[in-house]
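Mind the numbering: the sequence shown is residues -35 to -1, 1 to 181 in mature numbering (1 follows the signal peptide of the UniProt record, and there is no 0), read in order.
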Amino acid sequence: MRFNQGFITHSAVGRIGAASLALSLLAGGAVVAQAALTRVPSEVQSGDYKLDPEHGKITWSVDHLGFSTYVGQFVNVQAELKLDPANPSASTLTATIPLTDVASNSDGLNRHLQTADFFDTANHPVATFRSTRIVVDPDDRDEATVHGDLTLHGVTRPVVMEVEFNQAGPTRGGYKAGFDGEATIKRSDFGITFGLPALGDEVKLHIEGEFVRAAG
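Okay, here's the thing in structure tokens:
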């Protein structure tokens, strides 16, 4: 993540007005004024967030027999984020991915992915992720490395995700914080070996998430 350094001038504060300002605590304890939207991580409101399912998905890509990079998505992902901007390492992220809700642009492949060759959704209908450690980049404070455990196909393995903070602030539907993430896994690590080695083992994941803060 890139943590941009930003400030609000007195004239800008006057224009925005008190109604659109919030107070947040920096890690060092200093109080700063937050504009309606912010790209400064320390200004984001702390609290419990849930993923907006209409604006959160996982895009996956894998080598297809050397001919192309095949791309698909998981939709209807559910995730919860406990966010503590003053102490990011205390934040946590959990997610549930319904493997039956895969969009590969091929009905035949969608059906094949449900079988024992791949996800075996009759026995393992969802994948889950639970963070174990979050480390903010000291030089680029809107970037962080999220370490966690991914359970897929009945197997749990550690996964590292690089996450970038986009922005946060009030929007239609509530107060929202947005992030993008990248991770790479090997499907063979989770016992999914169909088509190897012709069909790629390495799967790249791009995660997009807009999280809405719980009221109160």
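Each residue gets a CB set at the ideal place from its N, CA and C atoms; glycine is no exception.
Using a Cβ cut-off of 9 angstroms (strictly closer), state whether residue i contacts chain C.
{"i": "glycine 146", "result": "The structure shown contains no chain C; it holds only a single protein chain."}
Would residue i be called buried (16 or more neighbouring beta carbons within 10 Å of its own) or exposed?
{"i": "valine 9", "result": "buried"}
{"i": "glutamate 175", "result": "buried"}
{"i": "alanine 60", "result": "buried"}
{"i": "phenylalanine 32", "result": "exposed"}
{"i": "valine 124", "result": "buried"}
{"i": "valine 120", "result": "exposed"}
{"i": "phenylalanine 159", "result": "exposed"}
{"i": "alanine 133", "result": "buried"}
{"i": "serine 7", "result": "buried"}
{"i": "proline 50", "result": "buried"}
{"i": "arginine 152", "result": "buried"}
{"i": "alanine 180", "result": "exposed"}
Using CA coordinates, which residue listed in the options is at the minimum distance from residue i?
{"i": "valine 40", "options": "Gly31, Ala68, Arg98", "result": "Ala68"}
{"i": "alanine 148", "options": "Asn75, Leu16, Ser26", "result": "Ser26"}
{"i": "alanine 100", "options": "His77, Met126, Leu117", "result": "Looking at the sequence shown, residue 100 is not alanine but valine. Measuring from the Cα of valine 100, the nearest candidate turns out to be Met126."}
{"i": "leucine 16", "options": "Gly139, Asn75, Arg76", "result": "Gly139"}
{"i": "residue 183", "options": "Arg95, Asp82, Asn75, His118", "result": "An answer regarding residue 183 cannot be provided, because it is not within the stretch -35 to 181 covered by the chain."}
{"i": "histidine 171", "options": "Gly156, Asp145, Phe159, Asp154", "result": "Asp145"}
{"i": "valine 91", "options": "Asp49, Pro63, Gly73", "result": "Pro63"}
{"i": "isoleucine 157", "options": "Asp107, Ser54, Ala1, Phe83", "result": "Phe83"}
{"i": "isoleucine 23", "options": "Leu74, Thr34, Val42", "result": "Val42"}
{"i": "leucine 74", "options": "Pro6, Gly37, Val5", "result": "Gly37"}
{"i": "threonine 97", "options": "Asp105, Glu108, His29, Ser56", "result": "Ser56"}
{"i": "aspartate 105", "options": "Phe94, Phe130, Val111", "result": "Phe130"}
{"i": "valine 168", "options": "Thr34, Thr93, Leu2", "result": "Thr34"}
{"i": "histidine 20", "options": "Asp114, Thr3, Pro53, Gly143", "result": "Gly143"}
{"i": "arginine 95", "options": "Pro103, Val5, Leu115", "result": "Leu115"}
{"i": "leucine 46", "options": "Tyr14, Ser54, Asp166, Glu173", "result": "Tyr14"}
Is DSSP giving residue i helix, strand or coil here?
{"i": "phenylalanine 155", "result": "helix"}
{"i": "proline 53", "result": "helix"}
{"i": "histidine 77", "result": "helix"}
{"i": "proline 103", "result": "coil"}
{"i": "serine 7", "result": "helix"}
{"i": "aspartate 114", "result": "strand"}
{"i": "aspartate 82", "result": "coil"}
{"i": "aspartate 28", "result": "strand"}
{"i": "aspartate 166", "result": "strand"}
{"i": "aspartate 66", "result": "coil"}
{"i": "histidine 20", "result": "strand"}
{"i": "alanine 87", "result": "coil"}
{"i": "alanine 179", "result": "coil"}
{"i": "residue 211", "result": "Because the chain here runs from -35 to 181, residue 211 falls outside it and cannot be looked at."}
{"i": "glycine 160", "result": "coil"}
So residue i is in the beta strand (DSSP E); what residue range does that whole segment cover?
{"i": "leucine 46", "result": "43 to 48"}
{"i": "asparagine 131", "result": "120 to 136"}
{"i": "serine 71", "result": "Segment: none, serine 71 is in no beta strand (DSSP E) and carries neither H nor E."}
{"i": "glycine 37", "result": "33 to 39"}
Between residue i and residue j, which are expected to be in contact by the criterion C-beta below 8 angstroms, what is the C-beta distance as a whole number of angstroms?
{"i": "leucine 48", "j": "glycine 12", "result": "6 angstroms"}
{"i": "leucine 30", "j": "leucine 164", "result": "6 angstroms"}
{"i": "threonine 178", "j": "phenylalanine 155", "result": "The displayed chain sequence assigns arginine, not threonine, to residue 178. At roughly 33 angstroms, the Cβ-Cβ gap does not stay under 8 angstroms, so arginine 178 and phenylalanine 155 are not in contact."}
{"i": "proline 135", "j": "alanine 1", "result": "6 angstroms"}
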